[in-house]
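The structure appears right after this line, and notes come after that.
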Amino acid sequence: MKKAFRTLDLNEDGKISFKEMRAGLALMDAAVTVSDEELRKIFYNASNQDKKSIDLEEFLSSCGPHSLYVNEIERNLSKVAATADGKGFAFVDLSAKSHRLTDVVAIKDYVHLRFVDFSHNMLKDVTCLGCLPHLVKVDLSYNQLTSVLSFRPPLALREANCSHNCIGGMNDVSGHRFLEVLDLSSNSISSIDGISQNFALKKLVLDDNEIMQLANLHDLRLQHLSVANNRLSAVIGFEGFQEDELEVFRNLEACYDEMKLAFDAMDANQDGILERKEFLRGLKLIEPAPDERVLHKILDRLDKNRDGTIDKVEFLSLARRHSQAMLSVDNGIESVKLVFLLLLLTLRQKTRSSG
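Residue numbers (the UniProt record's numbering): 1 to 355.
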């Protein structure tokens, strides 16, 4: 891109004027047809200062992969708020989405930033974000990151989006202990051990990964857990079910989405937690009705934290995802039966609630 700039800078003054850009484009390729109006619009958007010329920094920012520039930061700042120490005011929001950024080291001096959007760039390293002590929310989606939140944890950080990156392994993120929302969808993650100590986490999105088992989530009070389009198999933590207990779940074991539907149908007050009576009443609706003694045994097994209730994580740990290549015609029929049973269960629950 620097070579292209030098080619367009015909008088070699370190700037490109409108006339130079027009003449340079003709020299590079006479077949290129760009109207004066279109070229002026491109020129105006690229020129950040006098609107009469474009320097190298402005050219690279507009046309190719580059490091984040100070001028680029300053023209994308927004939202003024009081500083954390109460001594003044500062910009707290920065959006540098789709800027072809390869690094953002220049951000380290903007310590008052709270909301940062670096999505749709080319970032592989965001260590410098550790220099933002007041960072509350960061969007790093659609980059080239290979690890999760690998920077010094800001105590204020509550929400992070790392979806659509190149993350293959789940590193330890327990240092981000106040994190409440984490989106890791559309990566290549196979295990999630690194978040077992993030006790403040309320929402976790893991869709479109390579996860085969959910483990070590029982201490997290998640309100929202999404793991659609993974490779889930039986989950660690609930081994040793006896035959009479397994029989109860044979009509529920299919894909995760159907298990979630069963949970939502049983959860009469929609608080994300099944009380004993909700759980027992829900399973009794499935034909044939299982023995109540067996239901109590199952409930005791699922209630891993012994609080007398079953949360969604505990319930969904029974989810099993089978390879489509292994599904036979009979299995397909059983899946249809299961959907019907769950639909019936949902309708019955709604009827009871309205009554």
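Beta carbons: idealized from backbone N, C-alpha and C, even for Gly.
The residues Ser185, Ser186, Ser226, Val227, Ala228, Asn229 and Asn230, in chain order, have a CB closer than 8 Å to that of Asp207 in the same chain once the five nearest residues on each side in sequence are set aside. Within the model, the alpha-carbon separation for His66 versus Lys108 is close to 17 Å. DSSP, reduced to helix, strand and coil, places Thr102 within a strand of the structure shown. Restricting attention to Pro153, Asp267 and Ile73, the CA atom closest to the CA of Phe118 is found in Ile73. CA-CA distance, Cys162 to Tyr142, rounds to 8 Å. Val80 counts as exposed, since fewer than 16 other C-beta atoms from the protein chains shown sit within 10 angstroms of its C-beta.
Taking all protein chains shown into account, Phe263 has 16 or more neighbouring C-beta atoms within 10 Å of its C-beta and is therefore buried. The DSSP assignment places no complete alpha helix (DSSP H) segment of no fewer than 4 residues inside the stretch 139-204. Annotation: Gly130 to His176 spans about 11 Å, alpha carbon to alpha carbon.
Using a Cβ distance threshold of 9 Å, Val136 and Leu157 count as a contacting pair.
With a cutoff of 9 Å on beta-carbon distance, Asn121 and Ala96 are scored as near each other.
Straight-line measurement puts the Cα of Ile16 at about 52 Å from the Cα of His224. When only Cα atoms are considered, Ile192 and Arg114 end up about 27 Å apart. Annotation for Glu275: the continuous beta strand (DSSP E) segment containing it runs Ile273 to Glu275. Under the three-state reduction of DSSP, Thr83 is assigned to coil, being neither helix nor strand. Residue state for Phe89 is assigned as strand, using DSSP reduced to three classes. Residues of the same chain with a CB within less than 6 Å of the CB of Ser196, apart from the 5 flanking positions on each side, are Asn216 in chain order. In terms of CA proximity to Gly194, Gly169 leads the group Leu101, Gly169, Glu159 and Pro133. Within the model, the alpha-carbon separation for Asp85 versus Asp183 is close to 30 Å. If the five residues before and after Val181 are omitted, its C-beta is found closer than 6 Å to the C-beta atoms of Glu159 and Lys203, all from its own chain and listed in chain order.
The C-beta distance from Val116 to Leu149 rounds to 13 Å, too long to meet the 8 Å contact threshold. Between His134 and His99, the beta carbon gap of about 23 Å keeps them out of contact (Cβ cut-off 8 Å).
In this structure, Cys128 sits away from Val92, with a CB-CB distance that is not shorter than 9 Å. Counting other Cβ atoms within 10 Å of its Cβ, Glu12 stays below 16 and is therefore classed as exposed. Between the alpha carbons of Asn171 and His218 lies a distance of about 19 Å.
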